[in-house]
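Residue numbers (the numbering used here): 2 to 415. The beta-carbon is built from N, C-alpha and C at its ideal position, and this holds for glycine as well.
What follows is the structure, given as structure tokens:
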């Protein structure tokens with residue numbers, strides 16, 4: 002009897018997935034555990050594996066289609082076996098989706114009534130073209146080519162079966178532009194960009210946060226002079242080490258959270274969960290949006306350990322290689338936009354957490370110290386608080402502790 006291949010929940014928050022690419026063709030032999038397809042979830046591109054032995058009888062869902070979790074996407078069975086009639090109809094992928102991935106400008110031109118659509122490039126003539134004429138390329142390569150305005154059909158692929166991968170796009174010559182890009186600039190005032198799975202989840206979760214949660218904000222300014230001196234000393238003593246101000250802030254926040262359990266908590270509708278462990282989410286900007294890798298037991302880790310872990314997790318986050326347990330379960334989150342020249346901002350709480358710290362840039366300022374005007378490196382931080390759990394005084398006490406630790410870093414740099 003044929004076995005269903007369904008869209009699995011590949012992350013805890015996944016409600017639907019986009020089938021990026023089939024790795025097995027109809028008629029191919031498969032064994033349980035074989036990779037059948039790549040699926041874009043709300044957080045990463047992950048593998049959909051076979052749960053039975055046999056052959057892939059049918060691909061119910063086309064590449065590029067988005068379907069809900071538990072929806073049938075294919076069938077596995079014995080050669081010649083008929084697919085059950087209850088398999089369901091294949092969800093219709095937007096007709097312009099494959100073209101939009103390769104050249105969003107071309108898709109916009111085709112959508113504009115005043116501009117005739119340019120002819121499709123002859124993808125089948127290139128080594129990277131599949132049997133259906135569609136250019137084979139990884140999701141990252143497609144996005145990079147679209148951003149650069151490059152024609153995928155003109156790029157030779159060095160990946161498996163001639164698939165175009167990231168390095169192929171990086172080495173492509175600027176002259177390899179999409180032929181249909183020029184008409185798109187005539188008479189087209191906009192470009193419609195399809196929502197990624199990550200952007201859909203971000204939009205949904207933000208709507209859940211900013212509306213129902215009664216949020217208030219507390220801002221403090223920190224003298225970072227001694228923290229800067231401590232960081233410089235660490236770098237000098239460890240030439241191979243890389244210590245950022247954000248690492249110092251994470252370590253200080255972890256230590257402060259141990260002293261303020263009401264801030265290191267979750268709102269659970271009918272109760273408040275105060276965590277005895279400190280797991281800090283670190284907001285990382287990636288191509289499709291934002292993800293928060295989690296530094297677990299941050300209060301028990303040295304600055305050196307935090308620094309190494311942040312870099313390793315952030316790198317895999319940008320490559321969309323994080324596992325679900327690496328970006329879930331934070332008890333508190335830090336979002337730092339200082340590197341973008343932002344002085345201060347307010348961040349949106351990530352439920353069920355009850356607070357988030359927004360960190361601005363460090364800049365020299367003229368301030369009064371012991372009756373004298375001196376130049377000191379200063380930084381502004383803003384704590385967003387869920388008033389259902391964190392009262393004004395509670396949040397203020399946490400900030401006071403955090404500021405004290407940052408201004409006297411010997412308490413945390415060990």
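| Residues bridged to residue 290 (per DSSP) | Looking at the DSSP assignment, residue 290 forms a beta bridge with 287.
| task | Keeping to the same chain, check which residues put their C-beta closer than 6 Å to that of residue 71; ignore five residues upstream and five downstream. | result | So the qualifying residues of the chain are 7.
| said: Tell me which residues share the same chain as residue 302 and place their Cβ nearer than 6 Å to its Cβ, disregarding the 5 neighbours each side in the sequence. | reply: Taken in chain order, the list of residues that qualify is empty.
| field | Per DSSP, cross-strand counterpart(s) of residue 369 | value | Under DSSP, residue 369 takes part in a beta bridge, and its partners are 374.
| For the alpha helix (DSSP H) that contains residue 399, what are its first and last residues? | Per DSSP, the unbroken alpha helix (DSSP H) holding residue 399 starts and ends at 393 to 408.
| request: For the beta strand (DSSP E) containing residue 19, list its first residue and its last residue. | output: That run of the beta strand (DSSP E) goes 17 to 23.
| task | Please classify residue 11: does DSSP put it in a helix, a strand, or coil? | result | Reduced to three states, the DSSP call for residue 11 is coil.
| Below 8 Å, can you find three or more Cβ-Cβ pairs linking the stretch 374 to 391 to the stretch 213 to 224? | With the cut-off at 8 Å, the stretch 374 to 391 and the stretch 213 to 224 touch.
| Tell me which same chain residues have a C-beta within less than 8 Å of the C-beta of residue 345, skipping the five on either side of it? | Same-chain partners within the cutoff: 220, 359, 361, 381, 382 and 383.
| request: Please check if any C-beta of chain C sits within less than 7 Å of the C-beta of residue 362. | output: As a matter of chain content, chain C is missing from the structure shown, which is built from one protein chain.
| Neighbourhood of residue 368 by C-beta, 6 Å cutoff - its chain only, sequence neighbours within 5 removed | Excluding sequence neighbours, residue 368 sits near 377.
| field | Cβ neighbours of residue 354 in the same chain (closer than 7 Å, five flanking residues each side left out) | value | Within its own chain, the residues whose Cβ lies closer than 7 Å to the Cβ of residue 354, once the five positions on either side in sequence are excluded, are 267, 331, 332, 333 and 334, listed in chain order.
| message | Rounding to the nearest angstrom, what Cα-Cα distance links residue 9 and residue 408 in this structure? | response | Cα atoms of residue 9 and residue 408: separation of roughly 48 Å, rounded to the nearest angstrom.
| Does the beta-carbon distance from residue 156 to residue 165 come in below 7 Å? | Yes; because the gap between Cβ atoms is below 7 Å, this pair is in contact.
| field | Spatial neighbours of residue 259 in its chain, beta-carbon cut-off 7 Å, leaving aside the 5 residues before and after | value | Same-chain partners within the cutoff: 279 and 300.
| query | Between which two residues does the alpha helix (DSSP H) carrying residue 311 extend? | reply | 304 to 319 is the span of the alpha helix (DSSP H), which, as asked, contains residue 311.
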